[in-house]
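Only one structure is covered here, and it is reproduced in the block below.
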């Protein structure tokens, strides 16, 4: 058994705490007293009460969590990763760092941000993994890159972890599938159906692969769990915040309304800016993502999502 510190007590952080606790000791860091009280007093996730957190310690003290951990799992929103790493560095003592957040920072992968701030290489875990389903102990299959020893530590009878040495590809697939999922939601919000959604997913995968290969990823990764698998699951499920946000955009709702309805963390709306930055930087041919960016941030006609 290892001592695992989960940095972040939102839905996905709670889901990972639940499944990792099957064969490890867990301590969670919570940013808010409300989440802390839900886990400490009611032994469940505040945002997804069906995720049970029995025999799991939670703390509001980051130093306590870091000092108690052999492995640190980062699962805060992507736009907070740099700041979180700056805080973690104050107490860091050569623990393994595992990134579970999905996103980018302009042209930087989140593993690069961790390297810049803490000075170490991190491992990555990605794949189709809805928090609710992990919490319900439904079979879930993900990929891990980095420290191969973590596969055995984290794997259990319903959370299946396989190894993939493509650190770049896992992150690009995990981040950009959120962007394409927003696009798939827009076509649904416009009233289009399966034929159109199938086109969006296919074109989206092509553009994810285009960007990923430019950054040094392996093409084969995008046909695996962290590419097609994650994109397929997220784009077809209304459990996804990114999908729900896209539907509301297609229905003509503004961003203020969308954030109030869906939540303040909608990774695809932020990551489309990063994707646009990369497309422009490398002069890539990615019309779907270009159109999505223009729809969201420059009020382009929403039907342009299909070209």
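Residue numbers (our numbering): 1497 to 1803. Note that CB positions come from ideal geometry on N, CA and C, so glycine has one too. Predicted model only: the values in this text are computed from it and were never measured.
From the listed residues 1497, 1500, 1774 and 1704, the smallest Cα separation to residue 1720 is found for 1704. If you look at residue 1580, you'll find it isn't in any beta strand (DSSP E); it sits in the alpha helix (DSSP H) that goes 1577-1585.
Residue 1702: member of the alpha helix (DSSP H) spanning 1690-1711, first to last residue. Contact check between the segment 1642-1655 and the segment 1691-1708: fewer than three CB pairs, one atom from each, fall below 8 Å, which does not count as touching. In this structure the segment 1529-1545 touches the segment 1498-1513; the number of beta carbon pairs closer than 8 Å is three or more.
In this model, residue 1750 and residue 1599 are separated by some 22 Å (Cα to Cα). Take residue 1664, set aside five residues on each side of it, and the residues of its chain with a beta-carbon closer than 6 Å to its own are 1711, 1712 and 1713, in chain order.
Boundaries for residue 1677: no beta strand (DSSP E) harbours it, while the alpha helix (DSSP H) harbouring it runs 1663-1685, taken from the DSSP string. Looking from the CA of residue 1662, the closest CA among 1642, 1676 and 1677 belongs to 1642. Per DSSP, the beta bridge partners of residue 1501 are 1523 and 1568. In the DSSP assignment, residue 1636 falls within the beta strand (DSSP E) that extends over 1636-1641.
Taken atom to atom, the span from the alpha-carbon of residue 1732 to that of residue 1787 is near 20 Å. Per DSSP, reduced to three states, the secondary structure at residue 1750 is coil, with no helix or strand assignment. The beta carbon of residue 1670 is closer than 7 Å to those of 1598, 1622, 1722 and 1726 in its chain, skipping five residues each way along the sequence. A straight line joining the alpha-carbon of residue 1577 with that of residue 1796 spans about 31 Å. With a cutoff of 8 Å on beta-carbon distance, residue 1630 and residue 1514 are scored as near each other. Taking C-alpha positions only, residue 1617 is separated from residue 1593 by approximately 8 Å.
In the displayed model, residue 1732 falls within coil according to three-state DSSP, outside both helix and strand. Taking 8 Å as the upper bound for CB-CB distance, residue 1502 and residue 1522 are in contact here, some 6 Å apart. When secondary structure is reduced to three states using DSSP, residue 1510 falls in the helix class.
Between the alpha carbons of residue 1637 and residue 1627 lies a gap of roughly 13 Å. Taking a 10 Å sphere around the C-beta of residue 1746, we find 16 or more other C-beta atoms and assign the residue as buried. Beta-bridge annotation (DSSP): residue 1799 is not paired with any residue. The C-beta distance from residue 1772 to residue 1681 rounds to 18 Å, too long to fall under 8 Å, and the pair is not in contact. For residue 1770, the secondary structure class from DSSP, reduced to helix, strand or coil, is helix. Under DSSP, residue 1633 forms no beta bridge with any residue. For residue 1620, the uninterrupted beta strand (DSSP E) segment begins and ends at 1619-1622. The beta-carbon distance between residue 1686 and residue 1798, rounded to whole angstroms, is 6 Å. This is short enough to meet the 8 Å contact definition. For residue 1650, the enclosing alpha helix (DSSP H) stretches over residues 1645-1650.
In the three-state reduction of the DSSP assignment, residue 1780 falls in the coil class, being assigned neither a helical nor a strand state.
Per DSSP, reduced to three states, the secondary structure at residue 1549 is coil, with no helix or strand assignment. Assignment of beta-bridge partners to residue 1758 by DSSP yields no partner.
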